[in-house]
Amino acid sequence: MSKPDPEKKPPTGIPTTKQKQDEAIIGTNDYSIVSKRSVEKIYYPEEPQFFEPFIGKFKRRAPLINRGYWLRMQAIEQAVLQFLGEKSDRKKVVVNLGCGYEPLPFRMLWKYGNRCRTVRFVDVDYPQLIRKKVDVVKKNHIYSDLLTQPVSGEAHSSILLNDGRYCAVGCDLGNTKALDHIFRTELHLDESSILFVGEVSVVYMEVKAADELIKLCATFNDARFCLLEQHLPEGRGHPFAKTMLEHFQKQTPLRCLESYTTIQSQNTRFHAAGWREVKTKDLWSLWQDPDFASSERRALDSVEPFDEWEELALFGGHYFLLLATTSTAPLKHVSEHAMDYEIPYNISPSVELQHCLNPAGRGLRRFGASFKIDEETIAFHGGLKSLSQQSNCDIYTRGSSTPQPFTTPPENILCHTITKLDTSTSLLTGGRNSPSKANPSSHLYNSDKNTWTPTHDLQPARYRHCSVTVTINSTPAILTFGGKTSTGLLLDTWALYTPSKRWTPVTPTNPNGAPPPLFGASLATTNPSGTTGLLLSGMKQGGFLHAHFTTWELVTPDSEDGGVRITFTSSLPRLNEVGIASPATLRFGASLVPSRWGILLIGGIGSRGVVPMEEEVVVVRKYGRIDKFGGLFAGDGGGGEGGRPLWHSVTEEVTSSFSKLMFDAEKTSISLVWERDKPLLESAK
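Take 1 as the starting number for the sequence shown in full-length UniProt numbering and just add one per residue.
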């Protein structure tokens with residue numbers, strides 16, 4: 001057979017004939033198995049390499065692709081395992097609809113042999129693909145040794161390989177009449193307990209044909225369906241959704257996604273098709289379940305460094321795992337972990353968000369840091385840039401103002417902080433070049449002199465920490481919490497920077513109430529004197545969002561020799577008691593900043609991966625209650641054309657007309673939160 005070439009790019013243009021459309025869909029399998037082969041070789045080098053015989057040249061995928069496909073593979077594996085563990089007097093059959101070159105049956109037979117003694121696996125796909133797959137299975141002992149007595153099908157039969165443990169069927173999924181005959185007459189599925197699996201296969205079908213297939217599977221009285229495919233939790237306008245749709249639209253449109261865009265619509269679809277019970281979760285929710293493939297997931301960080309959590313959350317948030325049953329037995333999902341629920345909230349109609357697009361090729365940075373240079377000027381520094389020739393700092397001015405000369409910061413890094421120390425001084429701290437190379441250095445910027453001066457390092461080196469300006473005995477200082485080190489260790493330490501003492505540790509007065517090690521948390525002060533504040537959310541080891549609502553207060557020393565201490569009050573018990581731990585406040589990579597409306601929580605990713613548009617900027621109240629801004633995206637045109645606060649940075653107000661400026665990495669734009677009765681005066685330069 002012709003093996004997939006990982007370097008080959010798929011042709012563009014939607015095919016117009018049925019044959020060409022089928023070939024294009026088969027082609028999507030090539031990219032998928034090359035990616036799964038990368039997962040297999042990197043994460044499971046000691047296990048049999050079941051994908052290898054189907055692949056030509058090995059291509060290592062990026063860490064994000066590896067984790068995304070690992071999540072997909074684990075979701076399917078856990079669903080199959082759950083089915084195998086159900087009590088039944090019937091013989092069990094796992095039918096993979098649109099299987100491609102996926103070697104799921106052989107991995108399950110090898111890894112879970114004791115559970116598969118009476119289980120039969122059936123692969124179904126286009127005849128031309130199944131013929132190639134059967135040829136590979138016959139020629140490679142890694143597969144054939146797991147079978148009992150494989151027999152080739154008859155010349156005109158759709159069953160191309162038949163064995164007591166494995167069967168390969170060549171049939172178009174759209175031909176439900178032929179499938180019905182094969183399932184009932186040749187495979188005798190009426191006598192079995194069945195799990196139908198569709199991993200990103202049914203979605204390519206014409207909607208009518210796909211619905212007929214789902215209805216056919218529901219006619220078996222002891223059947224389960226496991227469907228893993230895409231959905232659009234925030235519609236087509238969300239940046240991730242738009243990019244995803246454009247990618248598939250080039251040749252293989254996700255046809256069913258046109259009609260079934262949400263999890264709710266998929267649930268309705270399956271109920272209407274005859275499935276008694278349906279349960280669905282997005283893949284990011286699976287990741288957030290500490291019991292989901294826990295041992296294997298813990299091992300991932302030891303294989304390759306990873307710091308693309310926003311992208312993984314968006315990916316997981318746009319894929320779902322649906323489980324359905326026709327059986328009378330209660331249905332369990334592979335994850336029963338609950339993360340969020342609805343709470344009451346207030347609407348504030350007094351605020352809007354308006355966007356100003358930058359010129360093409362400018363301003364696009366992920367994980368940069370913005371800070372105020374003077375009353376007319378904002379700088380946006382570092383981060384991942386869109387163009388190699390792009391400078392490591394962009395300057396924004398008010399209206400037609402001419403920017404003053406500005407010296408570029410010395411570090412070209414990302415995931416760092418630049419925090420205002422006083423009216424003329426800012427401190428750049430930490431950051432990284434790569435997930436395994438954190439930056440320990442700190443630099444002071446003096447806006448009066450336009451100079452950057454190295455100051456004491458913050459050890460251990462860290463990134464994705466959070467910093468805020470505080471006051472100690474009337475002296476401005478900078479408080480820093482958490483972060484991640486070059487080795488992947490998460491920090492629970494607090495440190496204080498003052499010009500006289502430089503970096504000093506801040507000791508908790510009540511260690512038992514202190515937050516755990518976190519990175520990507522959100523930190524802000526809550527009083528004008530800068531001695532009290534709020535810490536929200538963040539991520540724990542393993543990539544779990546941490547639900548907490550922690551207020552803190554600095555305790556100043558009685559003497560010069562005494563150290564600053566910090567006292568914590570956790571509202572989590574109260575949150576659990578009253579049941580209002582809002583999913584809107586469960587974030588990673590968000591900004592938490594004071595404003596004239598209260599403490600604003602801006603952007604980041606959330607419990608469902610994608611933060612709903614109406615929750616992207618909220619006011620945080622006591623015990624995690626929130627206020628939403630009713631007209632927040634009125635300046636967005638209603639079609640999602642403006643920026644979304646992803647990989648963003650927030651800086652303080654430039655003039656009294658505006659509260660906050662958000663620099664988002666996704667749309668090369670700046671977003672201005674403003675009051676309805678104030679004119680829009682600012683623009684990006």
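Cβ coordinates follow ideal geometry from the N, Cα and C atoms, glycine included.
- Message: Taking the alpha helix (DSSP H) that residue 63 belongs to, which residues open and close that run?
- Response: Segment 63-85, the alpha helix (DSSP H) holding residue 63.
- Message: Using the three-state DSSP reduction, which class does residue 22 fall into: helix, strand or coil?
- Response: Three-state result, residue 22: helix.
- Looking at the structure shown, is residue 168 part of a helix, part of a strand, or coil, going by DSSP? In this structure, residue 168 counts as strand in the three-state DSSP scheme.
- Query: Out of curiosity, what's the CA-to-CA distance linking residue 612 and residue 234?
  - Reply: The alpha-carbon separation between residue 612 and residue 234 amounts to approximately 7 angstroms.
- Distance CB(residue 103)-CB(residue 58) smaller than 7 angstroms: Going by C-beta atoms, residue 103 is not nearer than 7 angstroms to residue 58.
- Query: In this structure, what does DSSP give as the bridge partners for residue 422?
  - Reply: The beta-bridge partner set that DSSP reports for residue 422 consists of 425.
- Query: Excluding five sequence neighbours on each side, which residues of the same chain lie with their C-beta closer than 6 angstroms to the C-beta of residue 74?
  - Reply: The beta carbon of residue 74 lies closer than 6 angstroms to those of 293 in the same chain, with the five residues before and after it left out.
- Task: Report the rounded CA-to-CA distance for residue 526 versus residue 377, giving the unit in angstroms.
- Result: Whole-angstrom Cα-Cα distance: 26 angstroms.
- Message: Does the contact criterion of 3 or more C-beta pairs under 8 angstroms hold for the segment 586-606 versus the segment 514-525?
- Response: Yes, the segment 586-606 touches the segment 514-525.
- Message: Pop quiz: residue 279 and residue 331 are said to be a contact at Cβ under 8 angstroms. What is the actual Cβ separation, rounded to whole angstroms?
- Response: Going by Cβ atoms, the distance from residue 279 to residue 331 rounds to 6 angstroms, so yes, they are a contact pair.
- Buried or exposed: which applies to residue 141, given that a residue is buried once 16 or more other Cβ atoms fall within 10 Å of its Cβ? It counts as exposed.
- Per DSSP, residue 125 is paired with what? Beta-bridge pairing by DSSP links residue 125 to 170.
- Query: Short check: CB of residue 122 to CB of residue 167, under 7 angstroms?
  - Reply: Less than 7 angstroms divides the Cβ of residue 122 from the Cβ of residue 167.
- Could you spell out where the beta strand (DSSP E) holding residue 143 opens and where it closes? The continuous stretches of beta strand (DSSP E) do not include residue 143, which lies in the alpha helix (DSSP H) extending over residues 141-144.
- Message: By the three-class DSSP mapping on this structure, what secondary structure does residue 138 have?
- Response: It is helical.
- Message: Under 8 angstroms, with one C-beta from each stretch per pair, do the segment 299-319 and the segment 62-80 reach the 3-pair mark?
- Response: The answer is yes - the segment 62-80 touches the segment 299-319, with three or more Cβ pairs under 8 angstroms.
- Query: Nearest-angstrom Cα distance between residue 162 and residue 77?
  - Reply: Cα to Cα, residue 162 sits roughly 23 angstroms from residue 77.
- Consult DSSP for residue 92 and reduce its assignment to one of helix, strand or coil. Residue 92: strand per DSSP, three-state reduction.
- Query: Whose C-beta lies closer than 7 angstroms to the C-beta of residue 275 among residues of the same chain, with five residues either side of it excluded?
  - Reply: Taken in chain order, the residues that qualify are 218, 225, 324, 325, 326.
- What are the start and end residues of the alpha helix (DSSP H) that includes residue 433? For residue 433, there is no enclosing alpha helix (DSSP H); the enclosing beta strand (DSSP E) has its first and last residue at 432-434.
- Query: Out of curiosity, what's the CA-to-CA distance linking residue 257 and residue 395?
  - Reply: In a straight line, the C-alpha of residue 257 is about 41 angstroms away from that of residue 395.
- Measuring CB to CB, does residue 238 end up less than 7 angstroms from residue 320? Contact: no.
- Task: Measure the C-alpha to C-alpha separation of residue 241 and residue 590 and round it to an integer number of angstroms.
- Result: So the alpha carbons of these two residues sit roughly 21 angstroms apart.
- So residue 506 is in the beta strand (DSSP E); what residue range does that whole segment cover? Residue 506: member of the beta strand (DSSP E) spanning 502-508, first to last residue.
- Task: Kindly confirm or deny that the segment 81-101 and the segment 113-122 touch, where touching means at least three C-beta pairs closer than 8 angstroms.
- Result: Look at the beta carbons and you see the segment 81-101 touching the segment 113-122: at least three pairs across the two are nearer than 8 angstroms.
- Message: Would residue 447 and residue 566 qualify as a contact pair, given that the criterion is a beta-carbon distance under 7 angstroms?
- Response: Contact flag unset, no.
- Using the C-alpha atoms, what's the distance from residue 415 back to residue 475? Roughly 27 angstroms separates the two Cα atoms.
- Item | For residue 195 and residue 179, the rounded distance between their alpha carbons | Whole-angstrom Cα-Cα distance: 15 angstroms.
- Item | DSSP state of residue 51 mapped onto helix, strand, coil | Of the three classes helix, strand and coil, the one that applies to residue 51 here is coil, per DSSP.
- Message: Under 8 angstroms, with one C-beta from each stretch per pair, do the segment 455-465 and the segment 420-436 reach the 3-pair mark?
- Response: Touching, yes, given that three or more Cβ pairs across the two stretches are closer than 8 angstroms.
- Which whole-angstrom value describes the C-beta separation of residue 463 and residue 432, a residue pair presumed to lie in contact below a C-beta threshold of 8 angstroms? Approximately 4 angstroms separates the beta-carbon atoms of residue 463 and residue 432; this is inside 8 angstroms, confirming the contact.
- Would you check if the segment 119-133 and the segment 20-27 touch, i.e. whether three or more CB-CB distances between them fall below 8 angstroms? At 8 angstroms Cβ cutoff, the stretches touch.
- Please work out which residues of its chain come closer than 8 angstroms, Cβ to Cβ, to residue 93, disregarding the five sequence neighbours upstream and downstream, and give them in chain order. Cβ neighbours of residue 93 within its own chain (closer than 8 angstroms, five residues either side excluded): 119, 120, 121, 122, 187, 189, 192, 193, 194, 195.
- residue 479, buried or exposed, once every other Cβ within 10 Å from all chains shown has been counted against 16: Per the 10 Å Cβ criterion, buried.
- Message: Quick check on this structure: which residue in 500, 504, 498, 552 has the alpha carbon closest to the alpha carbon of residue 515?
- Response: Minimum Cα-Cα distance from residue 515 among the listed residues 500, 504, 498, 552 corresponds to 552.
- Spatial neighbours of residue 450 in its chain, beta-carbon cut-off 7 angstroms, leaving aside the 5 residues before and after: Short of 7 angstroms from the beta carbon of residue 450, and not among the five residues preceding or following it, lie these beta carbons of its own chain, in chain order: 405, 406, 407.
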